[in-house]
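Number of protein chains: 2
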Amino acid sequence: MAEREHITITDIAKESNVSISTVSRVLNGNARVSPDKLKRVEEVIRKYNFSPNALARGLISKQTKTLGVILPDISNPYFSSMFLEIERFALEAGYSILLCNTLFGGSSHGIRNAKEESYYFQMMIDKQVDGVLIIGGQLDLITVDNNYKLALKRLADQLPLVVIGKKIENIDCIFIQPENGSGVLTAFNYLYMLGHRKIAFVGGQTSVTITDIRVNSYKNALQLLGLPIDEQLISLSDYYTEDGYSAMNTLLSRKVPFTAFLAINDSVAIGAQRALFDQSLKIPDDIAVISCDQFLTGEYHIPRLTSINQHHDMLGRMVINTLINAIQGINESAKFSFTSELVVRESCGTPLGFRNYT
Amino acid sequence: MAEREHITITDIAKESNVSISTVSRVLNGNARVSPDKLKRVEEVIRKYNFSPNALARGLISKQTKTLGVILPDISNPYFSSMFLEIERFALEAGYSILLCNTLFGGSSHGIRNAKEESYYFQMMIDKQVDGVLIIGGQLDLITVDNNYKLALKRLADQLPLVVIGKKIENIDCIFIQPENGSGVLTAFNYLYMLGHRKIAFVGGQTSVTITDIRVNSYKNALQLLGLPIDEQLISLSDYYTEDGYSAMNTLLSRKVPFTAFLAINDSVAIGAQRALFDQSLKIPDDIAVISCDQFLTGEYHIPRLTSINQHHDMLGRMVINTLINAIQGINESAKFSFTSELVVRESCGTPLGFRNYT
DNA sequence: TTGAAAGCGCTACCAG
DNA sequence: CTGGTAGCGCTTTCAA
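Protein chains in written order, with my numbering: chain W, 1 to 358; chain L, 1 to 358.
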């Protein structure tokens, strides 16, 4: 690779016959500089295609225009769709993003990063990012490890921090709950309305907040409608296709009859469908399914997947907005709730076809 | 948010009654420090949980331990699976990653980032990353924009640069070709062996290198087997499910008979299957399909997708390795070729069931 | 082995 | 409006 000769503000100053202060002024465009000098400096800047060193800048101005995002697994559509929105918004505000996949819990892929989450926290501090966004991971566990809490607290003491996950006491950051489970309720009601009475719940990792919220909402729905709660009808595992497959197999092996199920997301729904298919059970003819978390391709699946749109992209956008505000000192501990919407497609059969399932 | 009091090397030096030089020495662990001072300093460091400011460090040492990765769309499984490997390896080597999605071409999602790719290049330079990896994007176009070339050249002049994409002359960086199309050949031969003679090609963006390579390989196979090339059987679009859907609809509208098709990847295959299904055409009974690029969930699809595994994860690993080597001055312009492997599942019917398709 | 001091490239304050 | 200068927090000579 070629010799890298970095030109600096001093070079520009020399060549334009002004002081570096003046160059700095035109660079930042806030102070006033006489037109002729301005022109001269701008010319030299353009000539060398000069752009100031962000490290040096950050060292003194205390801001790097970089944000940290820590999440479990970007290959999960849930996170990637959110991330895209996050990055877009960050970019508009002039920030770039340091991304860390902790691969925590996403053990489905069999891979796992060697570093603990606290490693990433420290890195964010060292690299002086202007703020950090944490999405899920350890934090999503119902019981959070104490070391983790400590590390998180330390991070929050150093940097503006926004977290999508369960609130932890005594940590000075903004916690945002991803959802309230109302979508699950809607989905359940829809299945009920179609005549289903034995409805299972499939997928999602045990002891993870989001799973918990949804399972609770599911149980809640059962109670509201005066139906019995049967733990045998709940089969958890994880969030990926293969997990839907295994969870459904587990469920089937229990031999408890059901006519419909809620899947934690589209991937799980698809995996579960495969497991059913292996037993010659067809969706929607034999079993109906609604996924609690819409991904982008459900519309092209056979059958087209009826799902709940939880509006992650919006969540992403709001969340990064909150972080940027927090960086600027605007500390709104807002609660977002997006009305989740039921997208009725084909996986429950005819939209209004009531049937007496037995 | 709390007051952020940053403690610095000076604080540590004071509290341990040594000079900052000494603290720096224990921090870096290269020079020798007397045992008692070492112990004292280490204690104070631990007490305050001190970790040096990476900006200040980078400013002087000329390395930030940060790598830049620029790719079109992380929500595309092709990139996300590769990225995960890239990050893992980078992490092991002590680097963190600044990720930029250009959303170039990924217009399927309807979103598009406002910034040009050269914006990201400049950002990488400003932020002083130690090296940059570019995957696809503009660079994948058969005809690359001149401004882009200029910007890329500038980047390559400043930083170690590794690119997955087509080679561009006069730019001092390492170009890596993602594949040679041999997988497509294998797939084609398999279809031929099953008795298919009218084989279509579906999906992939026109004038993008990877599409080009595969289409050429497809045409090449046709010629090798003495079959006629019919441009009507080639229906391109993009790389997502919805694109497979539209591309297949286009193909069907041409009314040119075919009994099998190659899909540019699993997503496209699934979208195409939906389009066929809408016309009461079933896979594999009526039409067979092989996808040229395996994603993780094809195994759970109905029918299970026969695909080619192009080993992106390995590519990711090799590529980041090459970058890190380049940073360290090891300039191997290696050529990787992973033997792509045909994963036979169900989407072509019985593995060896020859049939006389007419 | 150790500390003083000179920067890395930039911003921001100061006096003029 | 402008230039000089004092740092930001760290590494790295250079003497001692």
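Note that CB positions come from ideal geometry on N, CA and C, so glycine has one too. It should be emphasised that the depicted structure is a prediction, and the values quoted were computed from it without experimental measurement.
What residues in its chain sit with their C-beta under 6 Å from that of residue i, if we drop five residues either side in the sequence?
i: residue 249/W; result: 275
i: residue 338/W; result: 311, 314
i: residue 213/L; result: 181
i: residue 125/L; result: 158
i: residue 90/W; result: 67, 97, 320
i: residue 23/W; result: 9, 12, 13, 41
i: residue 95/L; result: 65, 67
i: residue 230/L; result: none
i: residue 347/W; result: 283, 284, 289, 303, 305, 306
i: residue 188/W; result: 221
Here's a check: name, in chain order, each residue in its chain whose Cβ is nearer than 8 Å to the Cβ of residue i, leaving out the five neighbours to either side.
i: residue 131/L; result: 67, 68, 159, 160, 161, 162, 323, 324, 326, 327
i: residue 345/L; result: 298, 299, 303, 304, 305, 306, 307
i: residue 107/L; result: At residue 107/L, the pLDDT of 47 sits below 50, so the modelled position is not reliable; the number obtained from the coordinates is stated separately. The answer, listed in chain order, is 238.
i: residue 83/L; result: 69, 71, 74, 99, 316
i: residue 145/W; result: 138
i: residue 207/W; result: 141, 142, 143
i: residue 168/W; result: 139, 144, 149, 152, 175
i: residue 340/L; result: 179, 182, 183, 186, 308, 309, 310, 311
i: residue 81/L; result: 295, 296, 312, 313, 316
i: residue 40/W; result: 16, 17, 18
i: residue 93/L; result: 324
Which residues of chain W have a Cβ atom closer than 7 Å to the Cβ of residue i, listed in chain order?
i: residue 314/L; result: Within 7 Å Cβ-Cβ: nothing; residue 314/L doesn't reach chain W, min ~13 Å.
i: residue 115/L; result: 91
i: residue 101/L; result: 84, 87
In chain L, which residues lie with their C-beta within 9 Å of the C-beta of residue i?
i: residue 297/W; result: 240, 241, 242, 267, 270, 271
i: residue 98/W; result: 66, 96, 97, 98, 99
i: residue 274/W; result: 299, 300, 301, 302, 304
i: residue 192/W; result: In chain order: nothing, as chain L lies at least about 27 Å away.
With a threshold of 7 Å on Cβ separation, who are the neighbours of residue i within its own chain once the five nearest residues in sequence on each side are excluded?
i: residue 232/W; result: 254, 256
i: residue 7/W; result: 48, 50
i: residue 192/L; result: 225
i: residue 359/W; result: Lying before the first or after the last residue shown, residue 359/W is absent from chain W, which here runs from 1 to 358.
i: residue 244/L; result: 202, 203, 263, 267, 268, 269, 270, 271, 272
i: residue 26/W; result: 33, 38, 41, 42
i: residue 173/L; result: 156, 161, 162, 163
Using a C-beta to C-beta distance shorter than 8 Å, which residues of chain L count as neighbours of residue i?
i: residue 52/W; result: 126
i: residue 277/W; result: 302
Confirm, please, whether the CB-CB distance from residue j to residue i is below 8 Å.
i: residue 55/L; j: residue 55/W; result: yes
i: residue 310/W; j: residue 294/W; result: yes
i: residue 319/L; j: residue 210/L; result: no
i: residue 296/W; j: residue 35/W; result: no
i: residue 44/W; j: residue 12/W; result: yes
i: residue 164/W; j: residue 135/W; result: yes
i: residue 128/L; j: residue 53/W; result: yes
i: residue 200/W; j: residue 235/W; result: yes
i: residue 85/L; j: residue 101/W; result: no
Give the residues of chain W in contact with residue i, contact being defined as C-beta atoms less than 9 Å apart.
i: residue 49/L; result: 122, 154
Point to revise | Given 8 Å, three or more beta-carbon pairs between the region 195–212 of chain W and the region 254–271 of chain W | key: yes
Review point. Using a Cβ cut-off of 9 Å, which residues of the region 146–169 of chain L contact any Cβ in chain W, in chain order?
Key: 154, 156, 157, 158, 159, 160, 161
**Study point:** Contact the region 117–129 of chain W vs the region 143–155 of chain W: 3+ CB pairs below 8 Å
**Key:** yes
Exercise for review: Could you say if the region 275–286 of chain W and the region 213–230 of chain W meet the contact criterion of at least three C-beta pairs nearer than 8 Å?
Suggested key: no
Practice item. Could you please tell me which residues of the region 56–86 of chain L, in chain order, have their CB closer than 8 Å to any CB of chain W? Key: 56, 58, 59, 64, 66, 73, 74, 75, 77, 80, 81, 83, 84
Check your understanding: Between the region 247–259 of chain W and chain L, which residues of the former have CB atoms less than 8 Å from a CB of the latter, in chain order?
Key -> none
Review point. Just by C-beta distance, which residues in the region 204–231 of chain L are closer than 7 Å to chain W?
Key: none
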